[in-house]
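Numbering (my numbering), first residue to last: 6 to 307.
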């Protein structure tokens, strides 16, 4: 209500169906998974919690929160409690569902929230707001109250709506797979970029020829052997790469440890073919690779 002189006006927001009607209003342009919004209500001491939630086939989340009818745009402990209760209940529903668990990434809160619209309203006797805008609830005890009410309420809803919940769980699985695929694509691109930008190692004595077919590289053990090999090589087509220290045995090591090992990076950079999914044999810089090592443990690792 605005009572400033000359600007008097009164705006009323009223939904006959309460929070459920509000959620329906927000999602009326979306393709919905549920026939109607789910509604959770409960209280503890003097705290009253009301939550309406509805999943759509969209990808973004829309969570609105209120404390004593005041819009808490920055969230707060009531929103944190809602998220924890949601994750706990939906994770339990997934574990107990008949959906195959094979090759499914760990489902996260973000996966369950994809396409979710929720309205969270709490009534608190003495709310404590944080920040200059007072748009974030700070009462720490509210988190546990909301979490418990949302968890218990969702478990009952899940039991009464198994078909819809299965659809929502499968949507979360697709979100998890898309997230995992995006993560792997980013990692792959980062690795690819990292190896493509690797400078040739300083200890590599490269050859003059630019033709990989006639080029050959000798991988030798230590600077001493490297010095002798450099003296006897044909500089036009023979390159020498000395290695040092105890070489990592890659047969017993995970790929991420291999590609970051300071003893192996010179080999990766010298050969130019990359590693793993970014291995391209057509980029091989030498068509002959000769290993010259001692007949001992270190030599066998090389």
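Backbone N, C-alpha and C define an ideal beta-carbon position, used for all residues, glycine too.
According to DSSP, is residue 121 part of a helix, a strand, or is it coil? strand
Measure the beta-carbon distance from residue 289 to residue 277 and round it to whole angstroms, keeping in mind my assumption that it falls under 8 Å. 6 Å
Supposed close pair residue 116, residue 177 - CB separation, criterion 8 Å: 4 Å
Determine the closest residue to residue 294 out of 225, 174, 302, with distance taken between C-alpha atoms. Residue nearest to residue 294 within the set 225, 174, 302 is 225 (criterion: CA-CA distance).
Have a look at residue 309 and residue 179 and give me their C-alpha separation to the nearest angstrom. Outside the displayed range of the chain (6 to 307) lies residue 309, so it cannot be described from this structure.
How far does the beta strand (DSSP E) with residue 15 in it extend, from its first residue to its last? Run containing residue 15: none; DSSP gives neither H nor E here.
By the DSSP assignment, the beta strand (DSSP E) with residue 68 in it spans what residues? 67-72
Length-filtered (3 minimum) beta strand (DSSP E) runs lying within the stretch 210-290: Segments of the beta strand (DSSP E) lying fully in the stretch 210-290: 221-226, 243-248.
I'd like to know whether the C-beta atoms of residue 222 and residue 235 end up nearer to each other than 8 Å. no
So does the stretch 20-30 actually touch the stretch 38-46, counting three or more Cβ pairs closer than 8 Å? yes
If you run the structure through DSSP and keep just helix, strand and coil, what is residue 82? helix
Between the stretch 53-67 and the stretch 131-141, can you find at least three pairs of beta-carbon atoms closer than 8 Å? no
What number of angstroms, rounded off, separates the C-alpha of residue 252 from the C-alpha of residue 275? If I take the Cα positions, the gap works out to 16 Å.
With a Cβ-Cβ cutoff of 8 Å, do residue 169 and residue 38 count as a contact? Against a cut-off of 8 Å, the Cβ pair of residue 38 and residue 169 comes out as a contact.
Please identify the residue among 250, 273, 121, 182 whose C-alpha is closest to the C-alpha of residue 57. In this structure, 121 is the residue among 250, 273, 121, 182 with its C-alpha nearest to the C-alpha of residue 57.
For residue 297, the residue or residues it bridges with in DSSP: 225
Flag this pair as yes or no: are the beta carbons of residue 104 and residue 165 separated by less than 8 Å? The answer is no: Cβ separation not under 8 Å.
Per DSSP, residue 75 forms a beta bridge with which residues? 72
Taking the straight line between their C-alpha atoms, what separation do you get for residue 301 and residue 227? Those two C-alpha atoms are separated by around 14 Å.
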